[in-house]
Every structure is written in structure tokens, then in C-alpha cells.
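See structure below.
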Amino acid sequence: MKAKTSNRDAHTLAGAYAMDAISAPDREQFERHLAGCEECAREIASLRETTAMLGTAAAEPLPAGLKERVMAAAAVTRQQPPPDQAEAEPEPEAGPNARRHQATAKWLRSLAWPNRLALGAAAAVAAAVVAIAVVFGVTNGSMQQQLDQAQASSQQIAVVLTAKDAHMMTGAVAGGGTATIVMSHARHALVFTAQGLRELPASRGYELWLIGPAGTRAVAMLPAGKGGMTGPVIASGLRQGDHLALTAEPAGGGTRPTAPMMLDIAL
Amino acid sequence: MTAPGSHRPRPQTHPASARNPASARNPASARNTDSARNPASEASDLAAQLGLVARGDGAAYDAVFEQVGPAVFGVVKRVIRDLAQSEEVTQEVLLEIWRNAAKFDATRGSATAWVMTLAHRRAVDRVRSVQKESDRERRTAAADIPYDEVVEAVESSLERERVRRCLNSLTEVQRESVTLAYYRGYTYGQVASLLGVPTGTVKTRMRDALIRLRDCLGVDQ
């Protein structure tokens, strides 16, 4: 690109850039140009506001369950820290206040981290509880009672939900319903929940299985659903290569699945 | 800023309400009578909510979700088309808002623009990452695109009507360039091939078109 025309060339890319209608190398080049061109940055900002309106005009209702899945995932996702102002601050000028400013910044830094970490951990646990509430439809006091009863397992659940490698998967259940799991290989466990499972006759119940190189293990009979929500059920003893399966078994359950698989998620 | 194709004075018909289509539709936003009366404050509400999200506030995240979720899904689906993939990318985008709320900088643009830029870019990235495998398929499919389909699909509501009207105020090539680029996720080079015009022309048309839309929609500069 010739120096004389580069500014103008780059400028004409503003529209394409604002619509992401630009290849990666072009994008990089344009962003380099933007960094040194305040007028271009202003133009891009106004064009971005414009394309945002094209976007919001296309709004449509979210698919069922999407919000619950994202909220649950957010609960197990650590947030990126904001930019560190203390680090971004330019070197204080030498002056009567310089020493004091430096000392203050240092003090803030020393204070901020442990507090932030403690806050982060507390928030993570609180968020996990919120996630459980959201996913399992805990909205009133009677569920609180159930949660209390399930305190021990909710501890285990929190451990899985807050694990560093925790991640969420969903699967459609044959015959109706959606299963959502959060699993952690580091914790060798997963938390299973389901929405909208078809009600079974009293003589049968849903049974959860782990199937893999380590063999087939019965995890648990699912409790009866409440308001369309089933679970949470914790499955421990998770191994690499396992699949999670669901079958409808005689109410007492069994040690081997006898009915067709209604769900098969590779873990 | 002066630019070819910009009309002054800009139309001043309630620019704020056009920027906040959610305000008219979303009953939740009517809770706050101030924001119901003055949608501009809802835009700053979103910015304020993002600030709270950055501090890990779950209720604020819920509010942000309600306000931007449908728009994120809508634009992602327009670009990607495949429902399962659209849901996946929508989830990624909404989760990214949670993760990166602290990176939102109100001095550089509105919260809506930040969110929609993120959503559109992720959708485009997804389409382009799978594009190599299906390049031929896409070329064939692209030949059949009815260009005004998106404009037609933009349903009636005051805000949508406004966007539609402004899109229709563009020249045909401008409108096609915008819909193919923004709603379909094509690069200007691909748009040039589809329309059979030089890339330089497409670049210029795209910029002129957005400037005209900006002025028609009454976007503050």
C-alpha cells in the first residue's frame, strides 16, 4: 500500500470492518490504522451503534432451556479480572505527593488481592447455590427444606460445580426431556439434572448408569420429578472414557441395565 | 464528521426509542417507570448493569440476559442459520458477557453496541471456521439467495419497521452489501463476487450505506 493512499484506503474499509465483513489479515491491518486515527475510531464507534440496531431488529425469543444452561455455566465460570488501574497508572511524577501516591497504590495492591480472592471464592459458592436453585427450580421455602436434607450431597455438588475443569453438557432424552450435566474429571464426579422427563408408571423408575472401560456401574435411581425438574443427582467414580446412560428400570432398580438406553452422553 | 452520503440535519424522531427496541416489548423493563418513559436511560441502565455483572452480581446478569439475550440469539441465527450451532454460539456469547463484563468500557460505545459486536463477530467467526470444509457447498447455496429476504423477514414492530424503512432508503447495491455482509456474514470480497462488482466498489458502498443508515436511524455521533 502506498503511503499516500493508505489513509484513504484504510478509511474506506470502515464499513466492512464495522460489519465484520473483513478477513483476519485485513482486520489486523485496519486495527493498526485505527489505533493511530482518532477520527476513524469515532466513525467506527458510530457505525457499530448502527450495526447494533440492525442486530437488535433481528431479535427473536430464546429457545427453551438456553437461559438455564447459560446461568448454570456462568455459575461455574470464573470472571476475567478488570484491568489493574494500579499497574496501568503512569509512573507518578516526582513531587510532594509522589511518595504518598506510590505508598497508597502499593497498599491498595496488597489489600486488594487477598480480599478479591476471598470474595471470589464466596461468590463462586453463592453462584453455585444460585445455579442449583435456577436449574432445579428452587423458588420457595419447601424446596429449602429439601435442600437442607440434601446438605451432604449439595456439598458434593458444590465441589463439582466449582471445580476448575467443570463443564456442562446437555442431551435429549429419548421419550422426552432434556438432561443437563455438569462434570469434572478432576473431581471424578458429575451432577445430573433433567427437565421435562416423561412421567413413568409407579412400577418403573429412571436409573442412571456410568458405562465405560471400567465396566457398567449403577449410579442411582432418579428421584421423582417436581414441577418438571428432576435431580440434582451426583454421580461419583467417574472415569475417563465413561458414558452416562439413562434407562427406565423396574422401580427397585438393578445392577445392569435391562431397558433401552434413553440417553447416552460421552463424558 | 463529514462524509459523502451523510444527510444533515439528521432526522430527530425519538432516536433513543429506536435504539432500545426492548423497551417497548419487554414488560420487565416497564418496572422502572423512569426507563419506560425515557428509553435512553435504559441504555445507560444496561451499562450500569454490566458494571454490576463485572462484580459478580447474579441478579444484574439475569437482567442483562433478559435485555440482550433475544437480540444476541436473533443476530447469531441470522448469520449461522443452523439452529443447533446458533444456540451454541449464543450460549458462548452470553457466557462471554459474564466472563468479560469488566472489559466493557462505556467511553468507547454503548453497552448494546458492545454486546452486539461481540455476538456478530462470534457468529461470523463460527461461519468462517467451518467455511473451508464447505466452501463449494456455500458457493452453490449463495447463488440462490434472495437478497431482500432478510429485509422481508424483519417483522413489524415500530423499531423493526424503522430499521426496515432505513434499509429500504438505501440504493439496491448498498442494501444488498449490508444484508449480505451483516446478516449473512460474508466478507466484502465475497460480496463483491456475489454482486459481480469490484471490491473497491463494495468497500465504498458498505461505508456509504452504514453512514446513511446511521443518519436515518438517528445514531448519535
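Each protein sequence line maps, in turn, to chains A and B. 1 is the number of the first residue of the first sequence in the working numbering; add one for each residue after it. 1001 is the number of the first residue of the second sequence in the working numbering; add one for each residue after it. Cβ atoms here follow ideal geometry from the backbone N, Cα and C, with glycine treated the same way.
Going by C-alpha positions, Leu161(A) is about 24 Å away from Thr216(A). Bounds of any alpha helix (DSSP H) do not take in Ser184(A); it lies within the beta strand (DSSP E) bounded by 178-184. When rounded, the separation of the alpha-carbon atoms in Asp1220(B) and Met53(A) is 12 Å. Using a C-beta cut-off of 8 Å, the segment 1104-1121 of chain B makes contact with the segment 40-51 of chain A, since at least three inter-stretch Cβ pairs fall below that distance. Listed along chain A is no residue with a C-beta nearer than 9 Å to that of Asn1168(B); the closest approach is about 13 Å. The criterion of a C-beta distance shorter than 8 Å is satisfied by Tyr1183(B) and Arg1078(B). Three or more Cβ pairs drawn from the segment 187-202 of chain A and the segment 230-245 of chain A lie within less than 8 Å of each other, which places the two stretches in contact. Within the same chain, Val1072, Val1075, Val1076, Val1093 come within 6 Å of Ala1119(B) by CB-CB distance, once the 5 residues on both sides are set aside. The beta carbon of Leu238(A) lies closer than 7 Å to those of Met183, His185, His188, Ala189, Leu190, Leu210, Leu267 in the same chain, with the five residues before and after it left out. Interface flag for Gly1056(B) against chain A is set, since a Cβ pair is found closer than 8 Å. In terms of beta-carbon proximity, Ala18(A) lines the interface with chain B, with at least one pair separated by less than 8 Å. The beta carbon of Val160(A) sits no closer than 8 Å to any beta carbon of chain B. Put simply, the backbone Cα of Val159(A) is about 12 Å away from that of Ala75(A). With contacts defined as CB atoms closer than 8 Å, Leu200(A) and Ala248(A) qualify as a contacting pair. For His188(A), no alpha helix (DSSP H) run applies, since DSSP gives it neither H nor E.
Contact between the segment 19-34 of chain A and the segment 1095-1107 of chain B is not established, with fewer than three Cβ pairs separated by less than 8 Å. Residue-level contact by beta carbon holds for Gly15(A) and chain B, with a gap shorter than 8 Å. Assignment of Gly65(A) by DSSP, reduced to helix, strand and coil, places it in the coil class. DSSP, read as helix, strand or coil, puts Arg204(A) in strand. The beta-carbon of Leu1210(B) is placed less than 8 Å from the nearest beta-carbon of chain A.
Taken atom to atom, the span from the alpha-carbon of Lys1203(B) to that of Ser236(A) is near 57 Å.
DSSP lists Arg204(A) as the bridge partner or partners of Pro250(A). Annotation for Ile265(A): the continuous beta strand (DSSP E) segment containing it runs 263-266.
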